[in-house]
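*Asks:* In numbering that gives the first Met the number 0, the protein residues as written are 0 to 156. My structure is below; once you've seen it, I'll send some questions.
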Amino acid sequence: MVDRNDPGAGDPSAIAAMADDWGERAESIRSSQTSVRSAAEAASGSSWSGEAHDAFQRQVAAVEPDLLVLATGMSAAAGALRGYAEVVRAIKDEQDSLARRRAVVEDEREELRGQLRVARAESSNNYVSFPEPVARARALEIELGETRDALDAVEAE
């Protein structure tokens, strides 16, 4: 089940290892199916006959299709697990990329906040009557708002 709060939850390597394990088990079951078929064929051509022979052949005829179904199902499950592992890896990669982008934007915002504090302090200084610090403070406020928009965009992805 996918965690709606963290669709990248899970260990892609562990999921892929599980897929490999299921694939190996499917091959083992196929090998067993081949062995059962070979035993049935060997028994058919032998001098063995009678009720025991007939019962053996019936059992083989009953078991062999089940082995094929089981092996096919396990192979399909292994393929699905491999696909899921790839999807989880891609989601994790995207989550990592977004986290890095978020960190960059948050660093920019913190830097701008510091510059804005300085600009506001300069613009409120009673000894300075130049309009430049006020304009700089306004520009920094605008830039800070733009970084908030950039952060919102990262979070929306």
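Just so it is clear, CB atoms sit at the ideal spot from N, CA and C, and this is done for glycine as well.
1. Decide yes or no for the touch test of the region 17–31 against the region 74–93: beta carbon pairs closer than 8 Å, at least 3 of them.
2. Would you tell me roughly how many angstroms separate the C-alpha atoms of R29 and L67, rounded to the nearest one?
3. Could you check what DSSP says for S31 in three-state terms: helix, strand or coil?
4. Count the other C-beta atoms from every protein chain shown that fall within 10 angstroms of the C-beta of Q32, then say buried if there are 16 or more, exposed otherwise.
5. When the Cα atoms are used, what is the spatial distance from D106 to E26?
6. Tell me whether S123 sits in a helix, a strand or coil according to DSSP, three-state version.
7. Could you check the C-alpha separation between V59 and M17 for me, to the nearest Å?
8. Ordered along the chain, which non-local residues of its own chain (more than five positions away) have a Cβ less than 7 Å from that of R100?
9. Can you tell me whether DSSP reads A8 as helix, strand or coil?
10. Count the other CB atoms, across all protein chains shown, that sit within 10 Å of the CB of A118; report buried if there are 16 or more and exposed otherwise.
11. Three-state secondary structure (DSSP) at E156?
*Replies:* Short version:
1. yes
2. For the purposes of this step, residue 29 is identified with residue 30 of the sequence shown, where counting begins at 1. For the purposes of this step, residue 67 is identified with residue 68 of the sequence shown, where counting begins at 1. Their backbone Cα atoms lie some 7 Å apart in a straight line.
3. Looking up residue 31 in the sequence shown gives position 32. The answer is helix: DSSP assigns S31 an H, G or I state.
4. Locating residue 32 in the sequence shown gives position 33, counting from the first residue. Under this definition Q32 is a buried residue.
5. For the purposes of this step, residue 106 is taken as residue 107 along the sequence shown, with counting starting at 1. For the purposes of this step, residue 26 is taken as residue 27 along the sequence shown, with counting starting at 1. The straight-line gap from Cα to Cα measures roughly 53 Å.
6. Reading the sequence shown from its first residue, position 124 is the one you call residue 123. Here S123 sits in coil by DSSP.
7. Position 60 of the sequence shown, counted from the start, is the residue given in the question as residue 59. Position 18 of the sequence shown, counted from the start, is the residue given in the question as residue 17. The alpha-carbon atoms of V59 and M17 are separated by roughly 30 Å.
8. Here the question's residue 100 lines up with position 101 in the sequence shown. The answer, listed in chain order, is V153.
9. Here residue 8 refers to the residue found at position 9 of the sequence shown. A8 falls in the coil class under three-state DSSP.
10. Reading the sequence shown from its first residue, position 119 is the one you call residue 118. A118 comes out buried.
11. Locating residue 156 in the sequence shown gives position 157, where the first residue counts as 1. In the structure shown, E156 sits in coil (DSSP, three-state: anything other than H, G, I, E or B).
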